[in-house]
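*Asks:* If you're matching positions, the sequence shown starts at -9 in our numbering and goes up one per residue.
Positions of the beta carbon are idealized from the N, C-alpha and C atoms, including for glycine.
Let me begin by handing over the structure; questions about it come next.
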Amino acid sequence: MKFVRHDWTEKEILGIYNIPLLELVYKAATIHRKFHDPKEVQVSSLLSIKTGACPEDCAYCPQSARYHTDIDIGPLLPLQKVIEVAKKAKSSGATRFCMGAAWREIKDGPEFERILEMVKAINNMGMEVCCTLGMLTESQAKRLEEAGLYAYNHNLDTSREYYKKIITTRTYEDRIKTLENIRKTNITVCSGGIIGMGESINDRAGMLTTLSSLNPHPESVPINILIPVKGTPLENQELVSIWEMVRMIATTRIVMPESMVRLSAGRVNMSKEGQALCFLAGANSIFTGEKLLTQPNPEVNEDLDMLKTLGLKPRQAFKQLKQKLELSIE
Ligand code: SAM
Ligand code: DTB
Ligand code: SF4
-9 MKFVRHDWTE KEILGIYNIP LLELVYKAAT IHRKFHDPKE VQVSSLLSIK
41 TGACPEDCAY CPQSARYHTD IDIGPLLPLQ KVIEVAKKAK SSGATRFCMG
91 AAWREIKDGP EFERILEMVK AINNMGMEVC CTLGMLTESQ AKRLEEAGLY
141 AYNHNLDTSR EYYKKIITTR TYEDRIKTLE NIRKTNITVC SGGIIGMGES
191 INDRAGMLTT LSSLNPHPES VPINILIPVK GTPLENQELV SIWEMVRMIA
241 TTRIVMPESM VRLSAGRVNM SKEGQALCFL AGANSIFTGE KLLTQPNPEV
291 NEDLDMLKTL GLKPRQAFKQ LKQKLELSIE
């Protein structure tokens, strides 16, 4: 039986999503154990390096300039400040540091140069560096690669069909083009989406069909639960039930067995038992730190306690890279 496939159909994925719940968790857990160490969880830290006033109209996002939300808008942070935060994150156990900017796209110039300095400095600290800065060109991706960037996050967020209902200022094709530009370098790809925006189960399966058609699959796939933020068009969306999150995580694990599946935004609204089921179903990465970009996340000590209770330990940095190098030396 072939596990890593790039030709999953939406119908097949829907079929998996709808398997009776415990049976689905068992199947996903079995696949998870074939490809990953089930005792390990990757711990990433997140920092908003440029907050708010974004020209895009993503209906879920508190950082769009079009909505009135309660966030602290700010310009690109100075290099030293970012280094300080990264050091703290490292000392509290994070092995990946992800920097997010509320930009539509990267513009060449002094701000991009500053970001390249940030990437270099954090890479030199021995952490995997990840950025999410909006759309980018092939030459910008190359420059980030030269600076030592390990991963670039750029989410598809939902299905091609539903995307138009959520964002009008860019297209699904724009998103895919940026993912292709990243793939032209050795930077790893991080791409996933959000559930709970009013999309159908077909839309969830549709998003996973597109993500799993990418060859290679994204090395990491974040699954966010919508945080309905006051002032955004999605402020009144009902919270997604934990059972739907477990189904989404398990289905993602089954269709992209080698990828890291990240339990991303929305953990503040999940019980520890719910998160435990997600880990069992194949999630093996979380964001720690009491803030995501602008919204709350569980406290670090609370997370460390949870990992300890579940017998999970943080994964070391650059592990995949090390495994690949070891294989090529053998
Ligand atoms: N501006 C860049 C972009 O859009 O690619 C990078 C930052 S953007 C905030 C990164 C991701 O955060 C989005 O793609 C979306 O998946 C997630 N996100 C934003 N607001 C969210 C919310 N309220 N709930 C859950 N996820 C959210
Ligand atoms: C991702 O998929 N989730 C993270 C990360 N990639 C950049 C961001 C979540 C943001 C949640 C809303 C906020 O904090 O503003
Ligand atoms: Fe801007 Fe990114 Fe938020 Fe969209 S998701 S409004 S592009 S910061």
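With DSSP collapsed to three states, give me the class of residue 253.
*Replies:* In this structure, residue 253 counts as strand in the three-state DSSP scheme.
*Asks:* Can you list, in chain order, the residues of its chain with a C-beta nearer than 8 Å to that of residue 203? Leave out the 5 residues immediately preceding and following it.
*Replies:* Excluding sequence neighbours, residue 203 sits near -4, -3 and -2.
*Asks:* In or out: residue 223 buried (at least 16 other Cβ within 10 Å) or exposed?
*Replies:* Residue 223 is buried by the Cβ-count criterion.
*Asks:* Please find out if some non-hydrogen atom of the ligand SF4 comes closer than 7 Å to the beta-carbon of residue 44.
*Replies:* Flag set: Cβ of residue 44 near the ligand SF4.
*Asks:* Does any heavy atom of the ligand DTB sit closer than 7 Å to the C-beta of residue 70?
*Replies:* Residue 70 Cβ: outside cutoff for every heavy atom of the ligand DTB.
*Asks:* Can you have a look at residue 320 and say buried or exposed, based on whether 16 or more other CB atoms are within 10 angstroms of its CB?
*Replies:* Note that residue 320 scores a pLDDT of 43, beneath 50, so its modelled location is shaky and nothing firm can be said.
*Asks:* Check whether the segment 68 to 84 touches the segment 138 to 156, counting contact only when three or more Cβ pairs, one atom from each stretch, lie closer than 8 Å.
*Replies:* Result no; under three Cβ-Cβ pairs closer than 8 Å.
*Asks:* Report the rounded CA-to-CA distance for residue 314 versus residue 195, giving the unit in angstroms.
*Replies:* Below a pLDDT of 50, predicted positions are generally treated as unreliable, and residue 314, at 47, falls in that range; the measurement from the model is reported next regardless. Cα to Cα, residue 314 sits roughly 31 Å from residue 195.
*Asks:* If we ignore side chains and look at the alpha-carbon of each, how far apart do residue 226 and residue 256 end up?
*Replies:* Spanning the two alpha carbons is a distance of roughly 15 Å.
*Asks:* Can you tell me whether DSSP reads residue 4 as helix, strand or coil?
*Replies:* Here residue 4 sits in helix by DSSP.
*Asks:* Just checking my contact of residue 244 with residue 6 at CB under 8 Å: how many whole Å lie between their CB atoms?
*Replies:* Sure, about 6 Å apart at Cβ, within 8 Å.
*Asks:* Over what stretch of residues does the beta strand (DSSP E) that includes residue 38 continue unbroken?
*Replies:* Residues 30 to 40.
*Asks:* Can you list the beta strand (DSSP E) stretches of 3 or more residues lying completely in the segment 87 to 119, in chain order?
*Replies:* As far as the segment 87 to 119 is concerned, it has no whole beta strand (DSSP E) run of at least 3 residues.
*Asks:* Beta carbon of residue 211, beta carbon of residue 251: below 8 Å?
*Replies:* Yes, these two residues count as a Cβ contact at 8 Å.
*Asks:* Extract the residue ranges of the beta strand (DSSP E) inside the segment 171 to 197, only unbroken runs of 3 or more that lie entirely within it.
*Replies:* DSSP runs (the beta strand (DSSP E)) wholly in the segment 171 to 197: 178 to 180 and 183 to 185.
*Asks:* Got a sec? Which residues, its chain only, sit under 7 Å from residue 286 by beta carbon, not counting five neighbours each side?
*Replies:* Excluding positions up to five away in sequence, the list reads 258 and 280.
*Asks:* For residue 94, tell me which candidate among 48, 67, 105 and 15 has the shortest Cα-Cα distance.
*Replies:* Comparing Cα-Cα distances from residue 94 to each of 48, 67, 105 and 15, the minimum goes to 48.
*Asks:* For residue 30 versus residue 303, is the C-beta distance shorter than 8 Å?
*Replies:* Yes, the Cβ-Cβ distance between residue 30 and residue 303 is below 8 Å.
*Asks:* Given a threshold of 16 other Cβ atoms within 10 Å of its Cβ, counted over all protein chains shown, does residue -7 qualify as buried or as exposed?
*Replies:* So residue -7 counts as exposed.
*Asks:* Residue 178 to residue 21, Cα distance in whole Å?
*Replies:* Near 22 Å, if we compare the C-alpha coordinates of residue 21 and residue 178.
*Asks:* Does the distance from the CB of residue 105 to the CB of residue 87 come in under 8 Å?
*Replies:* No.
*Asks:* Do residue 33 and residue 276 have their C-beta atoms closer together than 8 Å?
*Replies:* Yes.
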